[in-house]
Amino acid sequence: MRADGRRDVLAVGPRVRASYHAGKQGFSCVELWLAPGAVRPLLGVAATELVGRAITLPALPGAAASRLAAALHRLDARDPLPELTETLPGSLPAVDPVRTALLRAGVDALSVHPDRGPARVHEVAGELAVSERQLRNLFADGVGVSPKHYARIDRVRTIITRAPTTPWSQLAAATGYYDQSHMTTDFRALMGVPPRAYFTDRLPARSSCGARLG
Numbered sequence: 008m009r010a011d012g013r014r015d016v017l018a019v020g021p022r023v024r025a026s027y028h029a030g031k032q033g034f035s036c037v038e039l040w041l042a043p044g045a046v047r048p049l050l051g052v053a054a055t056e057l058v059g060r061a062i063t064l065p066a067l068p069g070a071a072a073s074r075l076a077a078a079l080h081r082l083d084a085r086d087p088l089p090e091l092t093e094t095l096p097g098s099l100p101a102v103d104p105v106r107t108a109l110l111r112a113g114v115d116a117l118s119v120h121p122d123r124g125p126a127r128v129h130e131v132a133g134e135l136a137v138s139e140r141q142l143r144n145l146f147a148d149g150v151g152v153s154p155k156h157y158a159r160i161d162r163v164r165t166i167i168t169r170a171p172t173t174p175w176s177q178l179a180a181a182t183g184y185y186d187q188s189h190m191t192t193d194f195r196a197l198m199g200v201p202p203r204a205y206f207t208d209r210l211p212a213r214s215s216c217g218a219r220l221g
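Just so we're aligned, residue 8 is where the sequence shown starts under my numbering, counting upward by one.
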């Protein structure tokens, strides 16, 4: 919501690397994070089509996105939860349960958990009885990035969450890296700076929002 009361309803796709932006005055927002596999049923496009983009919901194909946009426009921005719980279930079209279950099982297997690190892509494909190509297609449609890149992003997110309380060497092992050097290289590739710089606020120069509108 803008300071003048105008509202935009946007679908913001996944980012493949971190970007750093200066805050803006006069804006407030409500963010809804979609579960893996929910993008196409809800918005009418594959998740991969939204990577790096921010697009208004009415510009997306299909009636479902337009209905959702209209419902979100009516939300009370001060307390949206009650209306969301009534609005969203009726806005969700049917999904393919088998395809969705496969995708979410793949996401779970490639994610870091408290008691285990992420599985390898070929191991996940074998466990789900699909080819690696089929797994890549599932992720492109339902997540927006490849299984390998999803696993990289999840590992870096885990590092950011656990680093304040976990030694670097233990963190590297817990998140599935060969060693601390490998972890540092991957973190720098996605976040633009190595872990120690990130956690001491030595970040790349902030810029205006880089998402491509439209």
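All C-beta atoms in this analysis are idealised placements derived from N, C-alpha and C, irrespective of residue type, glycine included.
Cβ contact annotation for Ala101 (same chain, cutoff 8 Å, sequence separation greater than five): Pro48, in chain order. Apart from the 5 residues on each side of it in sequence, Leu82 sits with its Cβ closer than 6 Å to the Cβ of Glu90 in its chain, given in chain order. Looking only at Arg203, Thr207, Ala196, the smallest Cα-Cα distance to Ser26 is reached by Ala196.
In this structure, DSSP gives Ala158 a helical state, which the three-state scheme calls helix. In this structure the stretch 107–124 touches the stretch 151–158; the number of beta carbon pairs closer than 8 Å is three or more. For Leu79, the enclosing alpha helix (DSSP H) begins and ends at 70–80.
According to the DSSP assignment, Arg123 belongs to no beta strand (DSSP E), since it is labelled neither H nor E. Apart from sequence neighbours up to five positions away, the residues of its chain that approach Ala170 with a beta-carbon distance below 7 Å are Leu178, Pro202, Phe206, ordered along the chain. Cβ-Cβ separation between Leu67 and Ala18: approximately 7 Å, consistent with a contact (criterion under 8 Å).
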